[in-house]
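Engineer:
Number of protein chains: 2
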Amino acid sequence: MIDPKPQGTQRSGALSREHIVSATIELLDSSGESAVTVRALTAHLSTGRGAIYHYVSGKEELLAAATDQIIRAVFETSADDPDARQSLRNLALGIFDALTEHPWVGIQLGREPRQPAVFRIWTGIGALLQRMGVTGHASSNAGAALMNYLLGAAAQYAATVHKVPSGGDRKAYLELFAAELTRLDSEVIDQEAAAALVEHDDREQFLAGVDIFLAGIEAGAASGRSETGEQ
Amino acid sequence: MIDPKPQGTQRSGALSREHIVSATIELLDSSGESAVTVRALTAHLSTGRGAIYHYVSGKEELLAAATDQIIRAVFETSADDPDARQSLRNLALGIFDALTEHPWVGIQLGREPRQPAVFRIWTGIGALLQRMGVTGHASSNAGAALMNYLLGAAAQYAATVHKVPSGGDRKAYLELFAAELTRLDSEVIDQEAAAALVEHDDREQFLAGVDIFLAGIEAGAASGRSETGEQ
DNA sequence: ACCTGAACACCGTTCAAGT
DNA sequence: ACCTGAACACCGTTCAAGT
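Line by line, the protein sequences give chains A and B.
In terms of our numbering, the first sequence opens at residue 6 and continues consecutively.
In terms of our numbering, the second sequence opens at residue 6 and continues consecutively.
1. What are the residues in the segment 84-99 of chain A lying within 8 Å of chain B by C-beta distance?
2. Using CA coordinates, which residue listed in B:Ile130, B:Ala122 and B:Ser144 is at the minimum distance from B:Ala97?
3. Anything in the segment 157-176 of chain A with a Cβ closer than 9 Å to a Cβ of chain B? List those residues in chain order, please.
4. Counting only Cβ pairs nearer than 8 Å, list the residues of chain B close to A:Phe101.
5. Just reading off the alpha helix (DSSP H) that A:Glu117 is part of, what are its end residues?
6. Grab the span of the alpha helix (DSSP H) containing A:Arg94 for me, first residue to last.
7. Let me see if you follow: with CB-CB separation under 8 Å, is A:Ile222 close to chain B or not?
8. Quick check on A:Phe124 - is its C-beta less than 8 Å from some C-beta in chain B?
9. Secondary structure at B:Glu212, three-state DSSP: helix, strand or coil?
10. When the Cα of A:Trp109 is compared with those of A:Leu67, A:Val215, A:Phe211 and A:Ala177, which residue comes out closest?
11. For the alpha helix (DSSP H) holding A:Thr47, just list the boundary residues, first then last.
12. Using a Cβ-Cβ cut-off of less than 8 Å, list which residues of the segment 136-158 of chain B approach chain A; keep chain order.
13. Could you tell me whether the Cβ atoms of B:Pro118 and A:Gln113 are closer together than 8 Å?
14. Measure the Cβ-Cβ separation of B:Gly221 and A:Gly221 and say whether it is below 8 Å.
15. Excluding the 5 residues flanking A:Ile25 on each side, which residues of the same chain have their C-beta closer than 8 Å to its C-beta?
16. Mind listing which residues of the segment 45-78 of chain B have their C-beta closer than 8 Å to chain A's C-betas, in chain order?
17. Keeping to the same chain, check which residues put their C-beta closer than 6 Å to that of A:Ala164; ignore five residues upstream and five downstream.
18. Compare the Cα-Cα distances from B:Gly111 to each of B:Gly37, B:Ile217 and B:Asp206 and report the closest residue.
19. Does the segment 131-141 of chain B come close enough to the segment 85-92 of chain A that 3 or more CB-CB pairs lie under 8 Å?
20. If I follow the unbroken alpha helix (DSSP H) through B:Arg77, where does it start and stop?
21. Just verifying my parser: in three-state terms, what is the DSSP assignment at A:Val61?
22. Express the C-alpha separation of A:Ile217 and A:Tyr178 in angstroms, rounding to a whole number.
23. Can you pull the chain A neighbours of B:His205, defined as C-beta to C-beta under 9 Å?
24. Under 8 Å, Cβ to Cβ, is there at least one residue of chain A near B:Glu117?
25. Cα-Cα, which of B:Leu181, B:Ala103 and B:Asn146 is closest to B:Ser83?
26. For B:Glu185, which residues in chain A fall below 8 Å Cβ to Cβ?
27. Would you call the CB atoms of B:Ile126 and B:Ile76 closer than 8 Å?
28. Classify A:Leu186 as helix, strand or coil using the three-state DSSP reduction.
29. Give the straight-line distance between the Cα atoms of B:Gly173 and B:Glu180, rounded to the nearest whole angstrom.
30. Is B:Ala103 near the ligand MG - that is, is its Cβ less than 7 Å away from at least one heavy atom of it?
31. Can you find a C-beta in chain A that's less than 8 Å from the C-beta of B:Ile217?
32. Tell me the DSSP secondary structure of A:His24 in three-state form.
33. Kindly list the residues whose CB is nearer than 8 Å to the CB of A:His167, restricted to its own chain and excluding five residues on each side of it in sequence; keep chain order.
34. Specify the secondary structure class of A:Val169 as computed by DSSP and reduced to three states.
35. Once the 5 residues before and after B:Asp34 are set aside, which same chain residues still bring their CB inside 7 Å of it?
Dropping the structure here:
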């Protein structure tokens, strides 16, 4: 009763940055990235085409804001653990699961390194590595490596999720993919690896990659610098 | 004297897929990805707009073909080493160096997982991991992890290389970036890590990431499975 | 068969005009 | 101040028409 404006999911009420970003996420989720045009968006918001430019500098900022909203939610829900290593795994899985729900996030994360969502992940990883006792030069390298892995996996997964059928055709598709790999150089890909490709679980494989990283970081921290140049 | 056609770098002679891809690479290198429009390309080739569609299905295939040409060259020049581990490092560095010369490659690699250049890297990594004695399930996980790292690093680096000044301004830019990271959560990023960010060498950091991976793979192979679910 | 370039069906962004 | 929607300056792709 206090606020005379309707709470307006989309059509009515005043426009705001928040409304615009929410509508963008809806459109992204329901129809994919190619469907997010200024025309479609403003139609969805029942407003003029130029209106959104009062709240947002352009399409790039819009996509970055949508991505940050998803990543922020991951940080809010990701379970913290007394073991920093486990927290890092939780964070990585949280990002992975968010990607499954919003595949466009994976593509957007890789597009622009200086965007809020990427900053957020940087600092999150940095804090956890510090808690793990990794500091200084090693922390910088480890953080960058983990970041690169995460973003690479995100982009790959996001690009695949739309193209790999999820039902019973998934196996057939992956068998084709494995066959293509073996055909290219049949001596080189062993049959066991090809079979693993067909039967692997994406989420488990993603986590296996995180664990390889963590093992490498811990091995490096334990043994000191190996052959890479000092300083 | 045998062939009456001029050898035509661009304007004269018959059109061919090879010519078109070469012109695309030239345009990509000289003016960046945004400059590669069908209009600019066909002007460069002094032909009609529709002509290229006789040789190539569209812009996506064109960019994929350009990318594959660069990656193929990396494989041809990358030094093979009796030590498979060292060969893998050489390959990774070869890809990194190609990216420095052709930043658009990094972005293109992340865009589409089912493209020739990506297949090529998959099989290359697979072969070297096998030579390292990593096989079966572990090889599939290790290969995917390394692939994700490589593609993530490629995309990040490609996106940064245009935006970070390379001269004396580089330091100032990175200091700003470091400040932004610390500002976000000043307790959390240690000063040493921030300093490392400013002074790090991209190529060295990239290689450090590869080494973290290799250490993790070797640690995993030595200790067997850790806590990740069996099968 | 190969090539041309107008035409088509779109884009993101700007901006004078309205309220 | 906020919003509208025509106009602007582009895109990639198609296709009838030419050679």
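Where a beta carbon is used, it is the ideal one built from N, C-alpha and C, also for glycine.
Structural biologist: Short version:
1. none
2. As a working mapping, residue 97 of chain B is identified with position 92 in the second sequence. When only C-alpha atoms are compared, the closest one is B:Ile130.
3. Gly157, Ala158, Ala159, Ala160, Gln161, Tyr162, Ala164, Thr165 and Lys168
4. As a working mapping, residue 101 of chain A is identified with position 96 in the first sequence. Ordered by position in chain B, no residue passes the 8 Å Cβ test against A:Phe101, which lies about 11 Å from the chain.
5. Looking up residue 117 of chain A in the first sequence gives position 112. First-last for A:Glu117: undefined, no H or E at that position.
6. Here the question's residue 94 of chain A lines up with position 89 in the first sequence. That run of the alpha helix (DSSP H) goes Ala89 to Glu106.
7. Locating residue 222 of chain A in the first sequence gives position 217, counting from the first residue. For A:Ile222, the answer is yes, since a Cβ of chain B falls inside 8 Å of its Cβ.
8. Residue mapping note: residue 124 of chain A aligns to position 119 of the first sequence, counting from 1. Chain B, which has a Cβ nearer than 8 Å to the Cβ of A:Phe124, makes this yes.
9. Here residue 212 of chain B refers to the residue found at position 207 when the second sequence is read from its first residue. Note that residue 212 of chain B corresponds to Leu in the displayed sequence, not to Glu. Helix at B:Leu212.
10. Position 104 of the first sequence, counting from 1, holds the residue named residue 109 of chain A. Of A:Leu67, A:Val215, A:Phe211 and A:Ala177, the residue nearest in Cα terms is A:Leu67.
11. Indexing the first sequence from 1 puts residue 47 of chain A at position 42. Segment Val43 to His49, the alpha helix (DSSP H) holding A:Thr47.
12. Thr140, Gly141, His142, Ser144, Ser145, Asn146, Ala147, Gly148, Ala149, Ala150, Met152, Asn153, Tyr154, Leu155, Leu156, Gly157 and Ala158
13. What you label residue 118 of chain B is simply residue 113 of the second sequence in a count that begins at 1. What you label residue 113 of chain A is simply residue 108 of the first sequence in a count that begins at 1. For B:Pro118 and A:Gln113, no; Cβs fall outside 8 Å.
14. Sequence index remark: in the second sequence, residue 221 of chain B carries index 216 (1-based). Sequence index remark: in the first sequence, residue 221 of chain A carries index 216 (1-based). Yes. Within cutoff.
15. Residue 25 of chain A sits at position 20 when you count from the first residue of the first sequence. Once the five neighbours on either side are set aside, the close Cβ partners of A:Ile25 are Leu46, Leu50, Ile57, Tyr60, Val61 and Leu67.
16. none
17. Here residue 164 of chain A is taken as the residue at index 159 of the first sequence, counted from 1. Around A:Ala164: no qualifying Cβ.
18. The sequence position of residue 111 of chain B within the second sequence is 106, counting from 1. Looking at the Cα atoms, B:Gly37 is the closest of the given residues.
19. no
20. On the second sequence, position 72 is the one that residue 77 of chain B refers to. Run containing B:Arg77: Lys64 to Thr82, per the alpha helix (DSSP H) assignment.
21. As a first step, residue 61 of chain A must be located in the first sequence, where it is residue number 56. Three-state DSSP puts A:Val61 in coil, outside helix and strand.
22. The residue given as residue 178 of chain A occupies position 173 in the first sequence. The residue given as residue 217 of chain A occupies position 212 in the first sequence. Distance between the alpha carbons of A:Tyr178 and A:Ile217: 27 Å.
23. Residue mapping note: residue 205 of chain B aligns to position 200 of the second sequence, counting from 1. Here the neighbours are His142, Ser145, Asn146 and Ala149.
24. Here residue 117 of chain B refers to the residue found at position 112 of the second sequence. So yes, B:Glu117 belongs to the interface.
25. Within the second sequence, the letter at position 78 stands for residue 83 of chain B. Of the candidates B:Leu181, B:Ala103 and B:Asn146, the one whose C-alpha sits nearest the C-alpha of B:Ser83 is B:Ala103.
26. Reading the second sequence from its first residue, position 180 is the one you call residue 185 of chain B. Phe124, listed in chain order.
27. Reading the second sequence from its first residue, position 121 is the one you call residue 126 of chain B. Reading the second sequence from its first residue, position 71 is the one you call residue 76 of chain B. The answer is yes: Cβ separation under 8 Å.
28. Residue numbering aside, residue 186 of chain A sits at position 181 when the first sequence is read from its first letter. Here A:Leu186 sits in helix by DSSP.
29. As a working mapping, residue 173 of chain B is identified with position 168 in the second sequence. As a working mapping, residue 180 of chain B is identified with position 175 in the second sequence. About 12 Å.
30. No copy of the ligand MG occurs in the structure displayed, which carries no ligand at all.
31. The residue given as residue 217 of chain B occupies position 212 in the second sequence. Chain A contact via Cβ: present.
32. Start at 1 with the first residue of the first sequence, and residue 24 of chain A comes out as number 19. The answer is helix: DSSP assigns A:His24 an H, G or I state.
33. Counting from one through the first sequence, the residue named residue 167 of chain A turns up at place 162. Excluding residues within five positions, the ones whose Cβ falls inside 8 Å are Gly37 and Pro108.
34. By one-based count along the first sequence, residue 169 of chain A stands at place 164. A:Val169: coil per DSSP, three-state reduction.
35. On the second sequence, residue 34 of chain B is found 29 positions in, with the first residue counted as 1. Same-chain partners within the cutoff: His107.
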